Amino acid sequence: MRFLKWIEVDGTEGYTSSQLFLYNYDLKPVEEKRRTWRWINFVCFWCADSFNINTWQIASTGIVAGLSWWSTWITVWLGYFLCGCFVTIAARVGTYYHISFPVSSRSAWGIFGSFWPIFQRVVLACIWTGAQTVLGGECIELMLRSIFGNDLETRIPNKLPSNTGITSYGMLCFFLFWLFQLPAIWLRPHQVRHLFSVKAVVCPIAGFAFLIWTLVKADGGGPVIRQPSTLSGSAFGWAFVNSTMNSLANFATLIVNAPDFSRMAKTKTSAVWSQFITIPVSFSITCLIGILVSSASTVLYGETYWNPLEVLSRFLDNNSRGARGGVFLIAFAFSIAQLGTNISANFLSAGTDMTALLPRYINIRRGGYICAAISYCICPWNILSSSSMFGTYLSAYSVFLSAIAGTVFCDYFILKKGYMILEDLYKANNSSVYYYSHGFNWRAYAAYICGILPNIVGFVGATKTHHVPEGATKLYYFSFFTGYAASAAVLLILTMIFPIRGMPADVKLFERRLCEEWQDVEHFDELFSKQRGDHLTE
């Protein structure tokens, strides 16, 4: 017991055990002092987040399928435009109520029912952290080879078994990048904006320098940007749809995460146009750079490299001092890019979610470090090397995230019209309108399952473990939309049949009106502590 008391997070004095099951400093509504993100910070955040290795390669799906580069780029624009719409919608609850996703989800799922979607996000964040750290380790590999010679790996004896999936040199680089990330995890959400401001400057400069360098070496753009589409009719249409939806599926985690950052917004509009415009523009530009560099690599090396790190590795074949210096700087920029991506999409979301699962003992910092430890323990290099379908499995996870997002959308915008009772989100008994049936809203769970069902056959087909009908595959192309819409529709119908508390009394269900108000939470701690004797029991 003394040990458990010792590891409690700061600020737990004066609260009951029941309160500490739902509340700590990182879960409470963000007061004005910490709401420091202006519109320019959201612009920098998305400009920074767009520059990463996954975004660089996103266009490869359409081009490999037979689309021309320009039609593929149109799908990228369209896909990320949709991402901008969904992020702006999802961010609204964080902007007005200054709360993160784990807290806002209690409204839809119930005080305890929210643990399931939160747990899903934790698992996905830990796996993605490992995968992104592997890519960051490859950046470190390039940097070390630039300094110590292209044959460095052969000069470091491999002491690991062949079935490990990684060499001693690879493990060293992975470990170095893993260590490189640890100080950044210490930053709290309202402080981390400075990291994204730096990344938003450094990474685009490196990306354009990489593009110019490659085009100059290749004397032009290469064959990929000159080849026409090899598809026509329905084949072209379905390839177009698949390429568009690929962008949206890869963004599912960030859509669900949106309130985690929008709660830091300084004003009502800080997180609106800054996200709606910046997301499609910044991500589409990064994809275009990836297309042009990959096309030029075909001229230089006789094959198309979609991974920018593979292009940089080939640049080191020219062992000149200038080439090594250029590769080092660009690889360093990519390592910054991977760091920023892990912070924004994984460490902060995992930390926020773990805080909600065990707020008495875990805050965002501890959650981030736990995520880092788990990401190492799962040996992500082994997962990547043993399964070529790893990326497909993770992208297919959007089937589950879309059902979560659709449920939350229906609850906030359609059922409750943006109306929330903040203090009830932190009550663990029937006095809370979000307690539902013993803390669980079974309607949300039914809606979630119904959101998954239309896509489950296509999901199995995407993993290529079983052959599925062509119709299921084509329906799966729209998996985010079908999951989102089906879960929202089912929750609406079930709530009409089985009414709930917490809906605004003076507003009709289908009335076009929002009841959300910018919340003053400066004295929320005092209000919350007063509830101890009246509403919460030990």
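Using my numbering, count along the sequence shown one by one with no gaps and you end on 682.
Glycine residues also receive a C-beta, built at the ideal position from the N, C-alpha and C atoms.
Since the structure is predicted, the reported quantities are computational estimates derived from the model, not experimental observations.
{"query": "Close-in-space but distant-in-sequence residues of the same chain around Ile284 (CB under 6 Å, 5 per side omitted)", "result": "Cys317, Leu320, Phe321"}
{"query": "Below-7 Å beta-carbon distance, Ser387 vs any chain B residue", "result": "Reference to chain B is not applicable here, since this structure consists of a single protein chain."}
{"query": "Endpoints, the alpha helix (DSSP H) within which Trp450 is located", "result": "Taken as a continuous stretch (DSSP letters only), Trp450 belongs to no alpha helix (DSSP H), as it is neither H nor E."}
{"query": "Residue nearest to Thr653 in terms of C-alpha spacing, selected from Phe557, Trp213, Gln201, Val400", "result": "One detail in the question is off: residue 653 reads as Leu in this sequence, not Thr. Leu653 has its Cα closest to that of Phe557, out of Phe557, Trp213, Gln201, Val400."}
{"query": "Span separating the alpha-carbon of Thr311 from that of Ala467", "result": "26 Å"}
{"query": "Three-state secondary structure (DSSP) of Ala649", "result": "coil"}
{"query": "Contact set for Tyr690: own chain, Cβ-Cβ below 8 Å, skip 5 residues either direction", "result": "One cannot answer for residue 690 here, as it falls past the ends of the chain, which runs 145 to 682."}
{"query": "First and last residue of the uninterrupted alpha helix (DSSP H) at Phe478", "result": "465 to 486"}
{"query": "Ser575 - DSSP class collapsed to helix/strand/coil", "result": "coil"}
{"query": "Rounded Cβ spacing between Ser248 and Val237 (contact assumed at less than 8 Å)", "result": "5 Å"}
{"query": "Cβ shell of Ser519 (< 7 Å), same chain only, five flanking positions each side left out", "result": "Cys270, Thr273, Gly274, Thr277"}
{"query": "Span of the alpha helix (DSSP H), counted from its first residue to its last, around Asn507", "result": "Neither: Asn507 is in no alpha helix (DSSP H) and is coded neither H nor E."}
{"query": "Where Phe427 falls: helix, strand or coil (DSSP)", "result": "helix"}
{"query": "Supposed contact pair Gly583 and Gly257 - C-beta distance, whole angstroms, cut 8 Å", "result": "6 Å"}
{"query": "Closest Cα partner of Trp183 within the set Ala409, Ala632, Ile369", "result": "Ala409"}
{"query": "Member of Thr609, Tyr589, Ile349, Phe245 whose CA lies at the smallest distance from the CA of Thr639", "result": "Tyr589"}
{"query": "Phe195 (DSSP reduced to helix, strand or coil)", "result": "coil"}
{"query": "Opposing strand residues paired with Phe189 [DSSP bridges]", "result": "Answer is none; Phe189 lacks a bridge partner."}
{"query": "Contact set for Tyr187: own chain, Cβ-Cβ below 7 Å, skip 5 residues either direction", "result": "Contrary to the premise, residue 187 reads as Val rather than Tyr in this sequence. Only Ser418, Thr422 meet the Cβ criterion."}
{"query": "Contact set for Val577: own chain, Cβ-Cβ below 7 Å, skip 5 residues either direction", "result": "Ile565, Asp568, Arg645, Gly646"}
{"query": "Leu460 vs Asn294 beta-carbon contact at 7 Å", "result": "yes"}
{"query": "Separation of Met315 from Arg299, as counted between CA atoms", "result": "15 Å"}
{"query": "Validate contact between the segment 432 to 445 and the segment 349 to 363 using beta carbons, cut 8 Å, 3 pairs", "result": "yes"}
{"query": "Beta-carbon gap between Pro598 and Ala630 smaller than 7 Å", "result": "yes"}
{"query": "Proximity winner among Pro348, Ile356, Leu326, Asn585, relative to Ala477 (alpha-carbon distances)", "result": "Pro348"}
{"query": "DSSP state of Ser532 mapped onto helix, strand, coil", "result": "Bear in mind that a pLDDT of 47 at Ser532, under 50, signals an unreliable position, so the model cannot answer this."}
{"query": "Range of the contiguous alpha helix (DSSP H) that encloses Lys618", "result": "614 to 621"}
{"query": "Residues bridged to Trp181 (per DSSP)", "result": "Ala409"}
{"query": "Reduced DSSP secondary structure (H/G/I, E/B, other) of Phe147", "result": "helix"}
{"query": "DSSP three-state assignment for Gly395, whether helix, strand or coil", "result": "Correcting the residue type first, residue 395 is Phe in the shown sequence and not Gly. If DSSP states are grouped into helix, strand and coil, Phe395 belongs with coil."}
{"query": "Distance, Phe380 Cα to Ile641 Cα", "result": "43 Å"}
{"query": "Beta-carbon spacing of Ser215, Thr496 below 7 Å", "result": "no"}
{"query": "Cβ-Cβ separation, His242 to Val336 (assumed contact under 8 Å), whole Å", "result": "Contact flag wrong, Cβ pair sits at about 17 Å."}
{"query": "Neighbourhood of His610 by C-beta, 7 Å cutoff - its chain only, sequence neighbours within 5 removed", "result": "Val604"}
{"query": "Close beta carbons around Asp404, own chain, < 8 Å, minus the five adjacent residues each side", "result": "Gly238, Ser244, Phe245, Pro333, Leu492, Ser493, Thr496"}
{"query": "Euclidean distance between Cα positions of Thr180 and Arg407", "result": "10 Å"}
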